[in-house]
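There are 2 protein chains.
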Amino acid sequence: MNLKEAMNLLKDKGYKATGKRKDILAYFADVDGYRTAKDLITYLEDNHEGISFDTIYRNLHLYNEMGILETTELNGERHFRMNCTTHHHHHFICNECGKTKEIDVCPMDEVQQTLANYAIEGHKFEIYGLCPTCQSV
Amino acid sequence: MNLKEAMNLLKDKGYKATGKRKDILAYFADVDGYRTAKDLITYLEDNHEGISFDTIYRNLHLYNEMGILETTELNGERHFRMNCTTHHHHHFICNECGKTKEIDVCPMDEVQQTLANYAIEGHKFEIYGLCPTCQSV
DNA sequence: TTTCTAAATCGGAATCATTCCTATTTACAA
DNA sequence: TTGTAAATAGGAATGATTCCGATTTAGAAA
Chain A
1 MNLKEAMNLL KDKGYKATGK RKDILAYFAD VDGYRTAKDL ITYLEDNHEG ISFDTIYRNL
61 HLYNEMGILE TTELNGERHF RMNCTTHHHH HFICNECGKT KEIDVCPMDE VQQTLANYAI
121 EGHKFEIYGL CPTCQSV
Chain B
1 MNLKEAMNLL KDKGYKATGK RKDILAYFAD VDGYRTAKDL ITYLEDNHEG ISFDTIYRNL
61 HLYNEMGILE TTELNGERHF RMNCTTHHHH HFICNECGKT KEIDVCPMDE VQQTLANYAI
121 EGHKFEIYGL CPTCQSV
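Here the protein sequences line up with chains A and B, keeping their order.
Here UniProt numbering is used: the first residue of the first sequence is 1, the next is one more, and so on.
Here UniProt numbering is used: the first residue of the second sequence is 1, the next is one more, and so on.
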């Protein structure tokens, strides 16, 4: 999902396109990795002095519900990243910079029979570590 | 890991065997599933009026470091369960009752080559849903 | 362009899990 | 039985997140 697609989706659904909303999307379109609400605020404060937590969280949740952002919980903090809508996959997540790498392996196929009588509602497969860049610092 | 093993481990390492520590272990030995600090306090308050959060969290972390308990984060809350030391595996976790089922599939083998230049520090594979018991309620 | 109104935002208080701090109590070794 | 380090209580502090009443604003309608 890129910036333009996301903005169009927003307008199509009848949401107002405010400057803050644009900048939030621009931020995630640019960084390409998992980021926290705090990261986002730090970035936004340059151009939007006095922006409130309420605005940040309200929009993060809105974008998440709309499928524009995806989310995961790392060290007790919620992290967000631009959603890659293409196909089902998982992520390697760098513990240092938060950037991700797609992992196309999904173990769910092999698991189905083991869980015959279980109602599966979701799953999570994530790999944590250091990306090549962060190892050499 | 059962109650007796855990208590022995505690003594061997030179930690004092207090009544609260025993009861915490007894709780996890009995419930067999992921539980929160809050769940634990609720249980302990019957026999230990006025028990403090500090005691709960200090011991949960101690047990976790000692490998007696394992932990995961669900809905922004840390959950703990008795560690199954036998072999590497993952869990199906019931969203309703917190009970778990072992999953012996581990996708990490298939992933190694994709992440040749990445330093892998950990991974998480969890499946969420409803166990057979909770579906029929 | 101007007006109107629901949506969006602000500012700050409230909440909730967790951690921290100091004084007091306790397990257990000597 | 005593001494002491470890463990605990009680409550304040922290940090992320949510909530709420008052104010502002995007964008539709006139």
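Ideal Cβ placement from N, Cα and C applies to all residues, glycine included.
Since this is a predicted model, take the numbers as computed values, not measurements.
| Query | Result |
| --- | --- |
| Beta-carbon within less than 7 Å of Lys-22 of chain B's beta-carbon, same chain only, minus the 5 sequence neighbours each way: which residues are those? | Met-7 |
| Thinking C-beta only, is Lys-124 of chain B closer than 8 Å to Lys-99 of chain A? | no |
| Just mark Asn-117 of chain B as buried or exposed, buried being the case when its beta carbon has 16 or more other beta carbons within 10 Å. | exposed |
| Helix, strand or coil for Glu-73 of chain B? Go by DSSP, reduced to three states. | strand |
| Count the other C-beta atoms from every protein chain shown that fall within 10 angstroms of the C-beta of Pro-107 of chain B, then say buried if there are 16 or more, exposed otherwise. | buried |
| Within the 8 Å Cβ cut-off, does Phe-53 of chain A reach chain B? | no |
| Please confirm if Gln-135 of chain A has its CB atom under 8 Å from at least one CB of chain B. | yes |
| Please compile the residues from chain A whose C-beta is within a distance smaller than 9 Å of the C-beta of Gly-129 of chain B. | Leu-115, Tyr-118, Ala-119, Ile-120, Glu-121, Gly-122 and His-123 |
| Along chain B, which residues have their Cβ under 7 Å away from the Cβ of Phe-92 of chain A? | Leu-115 and Tyr-118 |
| Near His-90 of chain A, which residues of its chain fall below 6 Å by C-beta distance, leaving aside the five closest residues on each side in sequence? | Ile-103 and Phe-125 |
| Identify which residue in B:Asp-12, B:Val-137, B:Glu-5 and B:Gly-122 has its Cα closest to the Cα of Thr-72 of chain B. | B:Gly-122 |
| By how many angstroms is the C-alpha of Asn-95 of chain A removed from the C-alpha of Leu-10 of chain A? | 31 Å |
| For Leu-25 of chain A, which residues from the same chain have a beta carbon less than 6 Å from its beta carbon, with the 5 sequence-adjacent residues on both sides left out? | Leu-3 and Ala-6 |
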